[in-house]
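> To start, I am sharing the structure in question, which I have written as structure tokens.
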Amino acid sequence: MLRSRKELFNNRINAKKQRRLGTSQSQAQTQSSTRVPVLVVAIDESRALLEIKDSTGVDAFRLLRRALWAVNADERVKNVNGSVFAVLVDTKYLVDEAVPVSLPDPTSRRRGGTAPFPPFILTQTMNVLLDITSPPSQPPSKSRVLNTNPDQVLEALVSMGRPLWRSMERVATLEGKQRELNKFAASKLLFGVDAKAAKSYEDRTLHGVASLLCRVGLRPHASDPMATRLVADFMSVLHYVTYKNDAQITSYTSDPILTFGASYMWYQLNPPALESHILRQFEAILFNDVVDTGSIDQIVARIFLLLAIDATIMDSAVRKEFVVCGQFCKVQNFVQKLVGAKPENGEDKSTTNSGAHESFSHWLSTWEDWKIGFSHFVNLREEPTEATLWKMLDRRAAGIFPRN
């Protein structure tokens, strides 16, 4: 009797398992039958489709649109409820509107489900690698600033900004990686050409002025054509497009590796590119009211501060060969470079100035153990907290208070 009860119990267990297995199999079959096969074709730098033409003069953009329409209308695709979906990726968002409507071309007049989607402005990819590598329980900014391991410091800086910088870690040595990143980032601000060549500084590359906008924290007026061009060709970021598509708000966000490349560019050539090309071009765009500058005095002050921090960090090194990697320097050295070792020497040698010098020396001595480092300026919305200051140090950024 006991044995028969045990067998009955086991049979019930097996029956339950079979029912569960049958249910899961039927669910899997149902999901499989409802899946829709979709082929996604992604084309980067899609503006090139407007330049490629066939023997009859039809550009590749329209040929692609015709091909998509034809393949989605094919019976074999319809029978499996499938589709082919094309995604055109470009920093110039008006690719579709750049193609005029052709009345003989049926794909130009599609409506409803077969009509092209309007352009989507994708969110920027800044800091995606940094967010992945930083555990949420750790206060990352302060710990990274205080980290003295140069390999880990570089890894953190490369993780900030664009994921692009990770693709350049092919060199074995630390200095080799830093140098290659300097050269590569500088070239991205110079339309892809070599920052060490004098012929690179021309109208096509904006004479390197993107490096100054990047470091100083400036942006063009939203209605100026340069706003779009800086995004497409010079590593600026698109933030907002008006509903009429007639203005774009763009700027340079805090991307440390890119600003290191900008710093590297400033000191190439002889005389340096900043003096011989970049500032001259900046003067020209100021006269044409291209850039939203605010107070010109503040712009001059920012440039002056950047030159002072560069000179302090580089010290006596050959500047065009110097590798910029987010170095810190002593606050005392920076202030002395900024105002001179004896700031009162430019005035009269009165007793009052002597007392002021003693007061200045005492004040400076209180910063003996402090360090500073920044490669660019970022706009602040309000007075920074301690946490904000650590984040700015982490990114090697200095802050700009809101106007007024």
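Taking UniProt numbering, the leading residue of the sequence shown gets 1, the next gets one more, and so forth. For each residue, glycine too, the CB sits at the ideal point set by N, CA and C.
Can the beta-carbon of V189 be found closer than 8 Å to that of A262?
First, the residue type needs correcting, since residue 189 is Leu and not Val in the sequence shown. It is a contact, given that the beta carbons lie within the stated cut-off.
> Unbroken alpha helix (DSSP H) runs of length 4 or more, entirely within the segment 270-320: which are they?
Correct list: 279-287, 296-314.
> I'd like to know whether the C-beta atoms of F234 and A210 end up nearer to each other than 8 Å.
Cβ distance < 8 Å, so F234 and A210 count as in contact.
> Whole angstroms are fine: how far does the CA of E45 sit from the CA of I309?
Rounded to whole angstroms, I309 to E45 spans 38 Å at the Cα level.
> Measure how close the beta-carbons of P37 and V80 come, nearest whole angstrom, since I'm counting them as under 8 Å.
Correct: roughly 6 Å between the Cβ atoms.
> Would the beta-carbon of V58 fall within 8 Å of that of A86?
No, they are not a contact pair.
> How would you call Q152, buried or exposed, if buried means at least 16 neighbouring beta carbons within 10 angstroms?
By the neighbour-count rule (16 or more Cβ atoms within 10 Å), Q152 is not buried but exposed.
> Going by C-alpha distance, which of G82, M265, I303, I52 is nearest R35?
Looking at the Cα atoms, G82 is the closest of the given residues.
> Considering just the uninterrupted stretch of the alpha helix (DSSP H) at A156, what are its terminal residues?
Looking at the DSSP string, the run of the alpha helix (DSSP H) that includes A156 is 150-159.
> Just to confirm before moving on: does the CB-CB distance between E358 and Q332 stay below 8 Å?
Cβ distance not < 8 Å, so E358 and Q332 don't count as in contact.
> Per DSSP, L88 forms a beta bridge with which residues?
Beta-bridge pairing links L88 to I43.
> Between which residues of its own chain and R381 is the CB-CB distance below 8 Å, once the five residues before and five after are set aside?
Hits under 8 Å: P402.
> Tell me which same chain residues have a C-beta within less than 6 Å of the C-beta of C329, skipping the five on either side of it?
T312, I313.
> Would you mind stating whether Y264 and L213 have Cβ atoms separated by less than 8 Å?
In this structure, L213 does not lie closer than 8 Å to Y264 by Cβ.
> Nearest-angstrom Cα distance between I400 and D255?
Their backbone Cα atoms lie some 16 Å apart in a straight line.
> Taking the alpha helix (DSSP H) that T388 belongs to, which residues open and close that run?
Looking at the DSSP string, the run of the alpha helix (DSSP H) that includes T388 is 386-394.
> Assuming T259 contacts H376 under a Cβ cut-off of 8 Å, what Cβ separation, rounded to an integer in Å, is found between them?
So it is a contact: roughly 4 Å between Cβ atoms.
> How far does the alpha helix (DSSP H) with A67 in it extend, from its first residue to its last?
Where A67 is concerned, the enclosing alpha helix (DSSP H) stretches over 60-73.
> Using DSSP's beta-bridge definition, name the partner residues of R219.
Answer by DSSP bridge pairing, in chain order: D292.
> With a threshold of 7 Å on Cβ separation, who are the neighbours of V335 within its own chain once the five nearest residues in sequence on each side are excluded?
Only L364 meet the Cβ criterion.
> Enumerate in chain order the residues of its own chain whose CB-to-CB distance from L174 is below 8 Å, with the five nearest sequence positions on each side excluded.
Cβ within range, chain order: P150, D151, L154.
> Keeping to the same chain, check which residues put their C-beta closer than 6 Å to that of S55; ignore five residues upstream and five downstream.
For S55, where only same-chain residues beyond five positions count, there are no Cβ hits under 6 Å.
> Can you tell me whether C329 is helix, strand or coil according to DSSP?
Residue state, collapsed to three classes: strand.
> Considering only the beta carbon of each residue, do N379 and G208 sit closer than 8 Å?
Not in contact: N379 and G208 (Cβ atoms no closer than 8 Å).
> Got a sec, what are the start and stop residues for the alpha helix (DSSP H) N147 sits in?
N147 -> no alpha helix (DSSP H), and no H or E assigned at all.
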